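In terms of this note's numbering, the sequence shown opens at residue 480 and continues consecutively.
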Amino acid sequence: MSDPLLRFRTEFPILANTTYLISNSLGAMPRATQAALNEYAEIWATRGVRAWEETWWMLAHEVGALVGTLMNAEPNTVSLHQNVAQCQAVVASCFDFSGKRNKIVYTDMNFPSVMYFWESQKAVGARVHMMRTDDGIHVPIDRLLAAIDDETLLVPISHVVFRSAYINDAKAIVERAHKVGAHVVLDTFQSLGTVPMDVRALGVDFVCGGVLKWLCGGPGTAYLYVRPDLGRKLQPRFTGWMAHEKPFHFEIGPIHYADPPYRFMNGTPNVPALYAARPGLKLIAEAGIDNIRAKSRRQVAKLIALADAREWKVNTPRDPEKRGGTASIDMPNSKEVCAELLKRDVLVDWRPKAGVRMSPHFYTSDEELEIAIATVEEILSTMTVSR
Numbered sequence: 480m481s482d483p484l485l486r487f488r489t490e491f492p493i494l495a496n497t498t499y500l501i502s503n504s505l506g507a508m509p510r511a512t513q514a515a516l517n518e519y520a521e522i523w524a525t526r527g528v529r530a531w532e533e534t535w536w537m538l539a540h541e542v543g544a545l546v547g548t549l550m551n552a553e554p555n556t557v558s559l560h561q562n563v564a565q566c567q568a569v570v571a572s573c574f575d576f577s578g579k580r581n582k583i584v585y586t587d588m589n590f591p592s593v594m595y596f597w598e599s600q601k602a603v604g605a606r607v608h609m610m611r612t613d614d615g616i617h618v619p620i621d622r623l624l625a626a627i628d629d630e631t632l633l634v635p636i637s638h639v640v641f642r643s644a645y646i647n648d649a650k651a652i653v654e655r656a657h658k659v660g661a662h663v664v665l666d667t668f669q670s671l672g673t674v675p676m677d678v679r680a681l682g683v684d685f686v687c688g689g690v691l692k693w694l695c696g697g698p699g700t701a702y703l704y705v706r707p708d709l710g711r712k713l714q715p716r717f718t719g720w721m722a723h724e725k726p727f728h729f730e731i732g733p734i735h736y737a738d739p740p741y742r743f744m745n746g747t748p749n750v751p752a753l754y755a756a757r758p759g760l761k762l763i764a765e766a767g768i769d770n771i772r773a774k775s776r777r778q779v780a781k782l783i784a785l786a787d788a789r790e791w792k793v794n795t796p797r798d799p800e801k802r803g804g805t806a807s808i809d810m811p812n813s814k815e816v817c818a819e820l821l822k823r824d825v826l827v828d829w830r831p832k833a834g835v836r837m838s839p840h841f842y843t844s845d846e847e848l849e850i851a852i853a854t855v856e857e858i859l860s861t862m863t864v865s866r
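Structure below.
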């Protein structure tokens, strides 16, 4: 069948010599990224400190706007940070945990960084309520919604679960949280770029994530969306000179906050990472997330069918409406199989309680899926299999 998205393959050099099924961990680098980083180096080398006024200061705003377009965000609502843990810290610093409404609700399917951060907030009065999975794939939505009550302050939750690719019902979570006066912090690291997202339709309070996975933007750039009405009134305690309304006046404190999105920034941004982020974001926008999603659903279904035919365990939802861009397949000796696949230039990863994660993206051919599965079979044929 014809696949118009394959025209983008030439934009990603690594595809010439690998089977790249690891965009859930690190998206392939666009060819234009090297030129972008060279541009950064040239500007620094030739313009020196003038680069701040001429280029660098507005770069965070420009890249934030590119991210915002992909989630239908209102203008001036996306600030940039270096990782999701930092984004969570900015959100937490906007709230007081000393009162009765100090409960934090999430599941053990969140990414560990997020859980580590919120566990640490017990030291400042937060009460953490973590829902545990029974099947290793998800926590049923009715159980999660029941835990969100009138003592809940924040619900930091993954949109797509990193182990299983299960899609949480973000709309239901937001509606329940708002009904009882709580706020949702939606982690879209495993969704934005492969699953359509409309923050206005969701009415979600905060959205965070990073560009290094499905957005093909490399490490060092994370994003934080704050709903406009909240953005105008919240005052994060985790702050810095970039958040000041007159940052180059270097005034003695306390801070006079800038308007969003700069209000939610803090120290000096990771400028080279911002240069690296732009090419991937532009390619995702050009390809179109709806187009990417349609292809992703088809290819992940194909991987699941190939795994089923070999009686390998699939730790990913069967319902495509509840499944992101990854097939988690737990074949015998899966950890060892993963290590051998990497040696053979079939790039995947392995996670405990998930197995081998295979994540086709818009630049993946159907033939590569068959190559990956055939390579697994070949590896298993040479192993002493333990079950």
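Ideal placement from N, C-alpha and C gives every residue a C-beta, glycine not left out. Just so it is clear, the structure is predicted and the values come from calculations on it, not from any experiment.
- A788 counts as exposed, since fewer than 16 other beta carbons sit within 10 angstroms of its beta carbon.
- When secondary structure is reduced to three states using DSSP, M609 falls in the strand class.
- For A756 against G697, the beta-carbon gap comes to about 7 Å, under 8 Å, which counts as contact.
- Within the same chain, Cβ atoms closer than 7 Å to the Cβ of V678 are found at M550, N551, A552, V686 and Y704, the five residues on either side in sequence being excluded.
- Each residue's CA atom was taken as its position, placing I850 and A766 some 25 Å apart.
- For C695, there is no enclosing alpha helix (DSSP H), as DSSP marks it with neither H nor E.
- Checking the DSSP bridge columns, you'll see I636 partnered with L665.
- Residue state for K582 is assigned as strand, using DSSP reduced to three classes.
- Here the segment 574-582 makes no contact with the segment 734-751; the two share fewer than three CB pairs at distances below 8 Å.
- Here DSSP, grouped into helix, strand and coil, assigns L516 to helix.
- Secondary structure at A737: coil, using DSSP grouped into helix, strand and coil.
- If you ignore the 5 residues before and after V593, its C-beta comes within less than 8 Å of the C-beta of V563, A564, Q567, Y585, P635, S637 and D666, all in its own chain and listed in chain order.
- At the C-beta level, P733 and G710 stay beyond 8 Å of one another.
- Take the alpha-carbon of T795 and the one of L691: they are about 22 Å apart.
- The beta-bridge partner set that DSSP reports for I646 consists of V639.
- Membership of H540 in any beta strand (DSSP E) is not indicated; the residue belongs instead to the alpha helix (DSSP H) covering W536 to L549.
- One Cα belongs to P483, the other to L859, and the distance between them is close to 34 Å.
- Between V639 and V683, the C-beta spacing is not below 8 Å.
- Within the model, the alpha-carbon separation for D621 versus M588 is close to 16 Å.
- Look at D769 here: in three-state DSSP terms it is helix.
- Between T854 and R830, the beta carbon gap of about 19 Å keeps them out of contact (Cβ cut-off 8 Å).
- Annotated as proximal: S838 and I501, with beta-carbon spacing under 8 Å.
- Looking at the DSSP output, H657 sits in no beta bridge, so it has no partner there.
- The C-alpha of C573 lies about 12 Å from the C-alpha of M744.
- In the same chain as S504, and ignoring 5 residues on each side of it, the C-beta atoms closer than 7 Å to its own belong to K692 and D828, in chain order.
- Judged by DSSP in its simplified three-state form, T631 adopts strand.
- About 17 Å separates the beta carbons of D798 and P675, which is beyond the 8 Å limit, so they are not a contact pair.
- Minimum Cα-Cα distance from R655 among the listed residues S643, I646 and L632 corresponds to L632.
- In this model, L494 and R802 are separated by some 25 Å (Cα to Cα).
- Residue nearest to T556 within the set D809, K658 and Y702 is Y702 (criterion: CA-CA distance).
- In the three-state DSSP reduction, D824 falls in the coil class, being neither helix nor strand.
- M508 sits in coil when the DSSP states are folded into three classes, being neither helix nor strand.
- Separation of G543 and M721 (C-alpha to C-alpha, rounded to the nearest whole angstrom) is 14 Å.
- With a cutoff of 8 Å on beta-carbon distance, L782 and T498 are scored as not near each other.
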